[in-house]
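Chain order of the listed sequences is X and W.
If you want this note's numbering, it's the 1-based position in the first sequence plus 1137.
If you want this note's numbering, it's the 1-based position in the second sequence plus 910.
Virtual Cβ for every residue (Gly too), placed ideally from N, Cα, C.
Remarks on the structure that follows.
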Amino acid sequence: MTSPVSLDRRRFIASSGALAAAFGSSAFFPAWARSGTQGMTPAGNPVPGVLSGNDIALTIGDSHFSVDGRSGHAVTVNGTLPAPLIRMREGEKVRLSVTNNLREQSSIHWHGLLVPFDMDGVPGVSFPGIDAGTTFVYEFPLIQAGTYWYHSHSGMQEAMGLYGPIVIDPAGGDDSYDREHVLVLSDFSTMHPHEQLRRLKIMGGYFNQQRQTIAELLAGGGQNLSERLEWAKMRMDPTDISDVTGDTYSFMINGHSSAENWTGLFKAGERVKLRVINASSMTNFNFRIPGLPLTVVAADGLAVQPVETDEVQIAIAETYDFIVTPGEQQAYGVIAEAIDRSGQARATLATQMGMIAPIPAIRERPLLTMRDMGMDMSSMDMGDTLDLSAPDSGSMDHSDMSMRDPSVAPGVKMGPGVASLSPMPVDRLADKPTGLENVDHRVLTYADLRSAEPNPDTRVPSRQVDIHLTANMERYMWSLDGVDFSEGPEPIPFRLDERVRVNLINDTMMPHPIHLHGHFFELVSGDPGDRVRKHTVNVLPGGKASFDLTADAVGDWAFHCHMLLHMHSGMMRVVTVREEGEA
Amino acid sequence: MRRLFLTAVAATAFSVPAIAHDHDGMDHSQMGHHEGDTADETVPVAGDDMDHGQMDHGAMDHGQMDHSMMDHSMMDMQPDAGGMEEMDHSTMDHGQMDHSMHHGAQAPQVSDQPGDAPPPPVPTDHAADAVFGPDVMAQSRVDLLKGMAFTGFFAGLDTLEYRAGEGADGYVFDGEAWYGGDIDRAVLAFSGEGAFGEKPEDIEIDAYWRHAINPWFNLQLGARHDFRPDPERTYALVGVQGLAPYWIEVEAQAFVSEKGDVHFRGTAMHDMRLTQRLVFEPEAEVDFALQDVPELGIGGGLDSFELSGRLRYEIQRNFAPYVGFSWERKVGGSADYARDEGEDPSRFTWLAGLRFWF
């Protein structure tokens, strides 16, 4: 069912020849083997091994998956959820043969890997997909190292379990840690994602069980009456943090719920690397280990200058590597809390199986503010006076500010799918993310991240492109620039090796993890030269995020929100990269 | 930010190799430099008490700076997390520094502002065609778009209730089914009421095309047929329905019968969420007629109105039993017709029912 992975780093680096054998044998790694057997492994889902080497076979099929006593249909790889860990080595050329045993088409996209476009695995963009009963062979060189993942790009198979971790070890080895664990954060519902989507189309707040109530008002909670009226007038819900919530989801770490408590072992004083991947379909997670500072050493697979923090909001599709040095306690709770606080998943780092740490209570659900609508006046002041407290409707007059003035976004096609346009969006890369504005410990922001390597391209962009993230939550319509992908919009064109600044403007009240295939881009925050390079950027509600892109990979590439229901509803484009004059 | 700026200036202008990259949370006040430590007297230099916002950096003559006089060794730079790193000064982002908010000497300008080159033309080819063949990829693109276009259905009863009050106990139902996408849907709405043991008073079926006209409102165009009361009537239907400010659901419909009589109906309702599952829903309906229709018992002008309230408990969002009340009142000519029939033009009932949808 799950692939909890724990390995002794020294043993691992001892011999690359022993690598495959080591991963193939659970006897070498009692930690994950034991954890796996302790988990609720359904019959027929054997504890998986780790797939390694240069010739890897994956089989996509239907499975049954159980978590928290609920069971449902899942789409899996080699019968496991998450899919097996694929461990490869930088500099190698690999063959991944994917056999589709479903009755429908499938595909696998290697998320974050720089591969030729025809190996990127997006049906209708990079290849025709893998038809039922056929095998597609992906072949590409590994030109990078780090933590990545893979998932289906067909229909909503990813939401049904088709996702797994990838670790690419650097060609030169890495002795910066003693032990590592791979943590795959995800969500699972027994309700089919198409049914989730249909219910959201009928009722945008279908899964929100944390709305503001009269009872809460009388108890003095949430917004006060005048704020509620102001928001109601705009038909905006400040509790609209997540679309699909713990109302239907089980939140999981390595396929285990809190009760199932996936456990990874450590020895006191060891430097433990945690490779954390948010493979959820619709859940951004707040990740923390109470009592243990997190040193961020990589984001989206690439090394960053180490920075210590206490909590990180890991958006869907992002990966982070942390170094932790546990030792004071014998057990630590690893907490992945859904950002709307509708649930959380807990795993444990412990010196031996069976030890647990206290599970913190789920914190109060956050409320969106005027800043999340893109109309925070305080942002007009100096950048360091970010007032993230509740909106003070008394001191600001919003009534004369239109929430849907087309002049602020001339490139957006106005229609029923665009309920609002942020009138004054501000760069929010340095903001603490939604719901973590006021916690009493350190919280990572994108502005804290600096690339460990100098940026490969330091040219100033020759042009810039604005892309608006647009939606109508009530109708549950999602689009880019007001046009949903099923309308067949033109692609976003780039010249080969062109340097372009892309400004993402969030006209919705929800964060959107925007992912570009086939490239890394630099987030425009702080000085250039060592800006953090990512494949996914979470654009905070009502705000802006800019990245500089060197379009260095010829081909057609998918570009989309990684909230699966948003992508599927149309928040997607094709990006083209062509030699000048070829088009 | 101020500290970063100073650090950057120092590093750039004076070739101090080590520099803090992480400027968040830098506390400028920790920086141990003072006027005179860092620059000669001809240059305005940072003192924490200076009003930097007022400084005119554009007018500063940096050529006059005497760098040799500056004593870098006195600068106490203590970068935060991020460490001391070799830095490529040529890539520093001086263009982004907002000098109006900072102070000290102006750094050499390296603009980070993108240019205004035109975008390339949109390619007419598809990259994957060359690898997998144009036909198979064309089909694949069609499938992709088709798979992402929403088409769905809905069927539900908003009210299915038992009513008890003066006179015989009765029933009311009101529901709809639709099929379609985000913008266009085919809708079949149905409603009816009556007393147990008698012929139904009203049975109405509306069939219309629903078209989204803006983020909040939809147009309705179609037909209505009343199987009851006698005589049956068929109407053309045009309406607007949607969500008004303050989360009030409204609907306004106009009907023209095959006899040419014209009617209007307006409804408004609101969900007051008492708890996450307990919802009070007040609703108002008003009916007008442009003319008397004696055979239907309708008088011209304000015909009737109904005020109702339902308290429902959402066991599931789509399955909620409720209790409530309703007050129906016929007005004007309609009230007269009712009295002529021996009916009370006003009727108050208690009700209990179920709301569910699929």
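Contacting positions in the segment 1048-1074 of chain W - beta carbon closer than 7 angstroms to chain X: Ser1050, Arg1051, Asp1053, Leu1054, Leu1055, Gly1057, Met1058, Ala1059, Phe1060, Gly1062 and Phe1064
Report yes if the C-beta distance between glutamate 1635 of chain X and alanine 1688 of chain X is below 8 angstroms; otherwise report no. yes
Taking the alpha carbon of valine 1235 of chain X as the point to measure from, which residue in X/Ala1269, X/Val1252, X/Val1262 and X/His1210 has its own alpha carbon closest? In this structure, X/Ala1269 is the residue among X/Ala1269, X/Val1252, X/Val1262 and X/His1210 with its C-alpha nearest to the C-alpha of valine 1235 of chain X.
Strand pairing of phenylalanine 1481 of chain X, partner residues [DSSP]: In the sequence as displayed, the identity of residue 1481 of chain X is glutamine instead of phenylalanine. Glutamine 1481 of chain X pairs with X/Glu1474.
Histidine 1004 of chain W to asparagine 1421 of chain X, Cα distance in whole Å? For histidine 1004 of chain W, the pLDDT reaches just 40, beneath the cut-off of 50, and the residue's location in the model is therefore unreliable, leaving the point undetermined.
Could you work out which residues of chain W lie near glycine 1625 of chain X, taking near to mean beta carbons separated by less than 8 angstroms? Leu1055
Glutamine 1294 of chain X, DSSP secondary structure in three states: helix
Could you tell me if isoleucine 1197 of chain X is buried or exposed, where buried requires 16 or more neighbouring beta carbons within 10 angstroms of its beta carbon? buried
With a cut-off of 8 angstroms on the beta carbons, I'd call glycine 1310 of chain X and isoleucine 1223 of chain X a contact; round off their distance for me. Not really, about 19 angstroms apart at Cβ, beyond 8 angstroms.
Strictly below 7 angstroms CB to CB, what residues from chain W border glutamine 1601 of chain X? Pro1024
What does DSSP give as the partner residues of histidine 1697 of chain X in its beta bridges? In the DSSP secondary-structure assignment, histidine 1697 of chain X is bridged to X/His1652 and X/Met1709.
Could you list the residues in the segment 1216-1237 of chain W with a C-beta less than 7 angstroms from some C-beta on chain X, going in chain order? Arg1227
Would you mind stating whether arginine 1175 of chain W and glutamate 1195 of chain W have Cβ atoms separated by less than 8 angstroms? Yes, Cβ-Cβ distance for arginine 1175 of chain W and glutamate 1195 of chain W is below 8 angstroms.
Identify whether serine 1616 of chain X lies in helix, strand or coil by the three-state DSSP scheme. Strand.
For glycine 1243 of chain W, tell me which candidate among W/Arg1220, W/Glu1205, W/Ala1262 and W/Trp1237 has the shortest Cα-Cα distance. W/Glu1205
Rounded distance between the beta-carbons of asparagine 1398 of chain X and alanine 1484 of chain X, thought under 8 angstroms: The beta-carbon distance between alanine 1484 of chain X and asparagine 1398 of chain X, rounded to whole angstroms, is 7 angstroms. This is short enough to meet the 8 angstroms contact definition.
Within the same chain, show all residues whose beta-carbon is closer than 6 angstroms to that of glycine 1132 of chain X, passing over the 5 residues directly before and after it, in chain order. Any answer about residue 1132 of chain X is impossible in this case: the structure gives chain X only from 1138 up to 1720.
Aspartate 1685 of chain X - partner residues in DSSP beta bridges: Answer is X/Arg1638 and X/Glu1659.
Can you tell me whether phenylalanine 1266 of chain W is helix, strand or coil according to DSSP? strand
Residues, ordered as in the chain, of the segment 1693-1705 of chain X that lie near chain W by beta-carbon distance below 7 angstroms: Correct list: Asp1693 and His1705.
Specify, as a first and last residue, the run of the beta strand (DSSP E) that arginine 1579 of chain X falls within. Neither: arginine 1579 of chain X is in no beta strand (DSSP E) and is coded neither H nor E.
Roughly how many whole angstroms lie between the Cα atoms of proline 1443 of chain X and isoleucine 1629 of chain X? 35 angstroms
Inter-residue spacing [alpha-carbon to alpha-carbon] between alanine 1475 of chain X and glutamine 1467 of chain X: 26 angstroms
Please report the Cβ distance between glutamine 1333 of chain X and valine 1381 of chain X, rounded to the nearest whole angstrom; I am assuming they are in contact, meaning their Cβ atoms lie under 8 angstroms. 5 angstroms
Could you name the residues of the same chain whose beta carbon sits closer than 8 angstroms to that of tryptophan 1157 of chain W, not counting the 5 residues immediately before and after it, in chain order? His1180 and Asp1181
Candidates X/Ala1416, X/Val1637, X/Val1555 and X/Ile1303, of which the one nearest valine 1714 of chain X by Cα: X/Val1637
Output the boundary residues of the beta strand (DSSP E) element that contains tryptophan 1399 of chain X. For tryptophan 1399 of chain X, there is no enclosing beta strand (DSSP E), as DSSP marks it with neither H nor E.
Please confirm if phenylalanine 1198 of chain W has its CB atom under 8 angstroms from at least one CB of chain X. Not closer than 8 angstroms to any Cβ of chain X, the Cβ of phenylalanine 1198 of chain W fails to qualify, so no.
With which residues is glutamine 1193 of chain W paired in a DSSP beta bridge? Note that residue 1193 of chain W corresponds to glutamate in the displayed sequence, not to glutamine. The partner list for glutamate 1193 of chain W (beta bridge, DSSP) reads W/Met1179 and W/Ser1218.
Which of helix, strand or coil does DSSP assign to tyrosine 1285 of chain X? DSSP places tyrosine 1285 of chain X in strand when its eight states are reduced to three.
Tell me which residues of the segment 1146-1157 of chain W have at least one Cβ-Cβ distance to chain X shorter than 7 angstroms, keeping chain order. Leu1153, Pro1155, Tyr1156 and Trp1157
Helix, strand or coil: how does DSSP classify proline 1278 of chain X here? It is a strand residue.
Pick out whichever of W/Trp1260, W/Glu1142, W/Gly1085 and W/Lys1240 has its Cα sitting closest to the Cα of glutamate 1251 of chain W. W/Lys1240
Identify each residue in the segment 1252-1266 of chain X for which the Cβ-Cβ distance to at least one residue of chain W is less than 8 angstroms, and report them in chain order. Phe1254, Asp1255, Pro1260, Gly1261, Val1262, Ser1263, Phe1264, Pro1265 and Gly1266
Measuring CB to CB, does glycine 1249 of chain X end up less than 8 angstroms from glycine 1383 of chain X? no
Short of 8 angstroms in beta carbon distance, which residues of its chain neighbour arginine 1232 of chain X, apart from the five on each side in sequence? Order them along the chain. Asn1191, Asp1192, Ile1193, Val1274, Tyr1275 and Glu1276
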